[in-house]
Amino acid sequence: MPKTIQIRDIDDEVYSGLRMRAAEANVTVPELLRAEAARLAARPSIATWLASTQRRTSAVTSSTVIDVLDALRDADR
Numbered sequence: 000m001p002k003t004i005q006i007r008d009i010d011d012e013v014y015s016g017l018r019m020r021a022a023e024a025n026v027t028v029p030e031l032l033r034a035e036a037a038r039l040a041a042r043p044s045i046a047t048w049l050a051s052t053q054r055r056t057s058a059v060t061s062s063t064v065i066d067v068l069d070a071l072r073d074a075d076r
């Protein structure tokens, strides 16, 4: 069952920005916010994402990355 969310005390500048973005997308402000809420809910939180990426291992060392960056910078000179 759909739920209703109400946001109070939105600054005029913020609401104006939302109206402009909604107009650019040819939607209403509620439609824009509904789509943004769905996009936000579909993504993991930063804490969850960081926890999952910290478990990954890599054979690439920091010194290898630095060496490659140095080589790329030298190539640009």
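Each residue of the sequence shown is one higher than the one before, starting from 0 at the first, in numbering that gives the first Met the number 0. Glycine is no exception: its CB is placed at the ideal position from the N, C-alpha and C atoms.
The beta carbon of Thr27 is closer than 7 Å to those of Ala21 in its chain, skipping five residues each way along the sequence. Apart from sequence neighbours up to five positions away, no residue of its chain approaches Asp8 with a beta-carbon distance below 8 Å. Where Arg7 is concerned, there is no enclosing alpha helix (DSSP H), because DSSP gives it neither an H nor an E.
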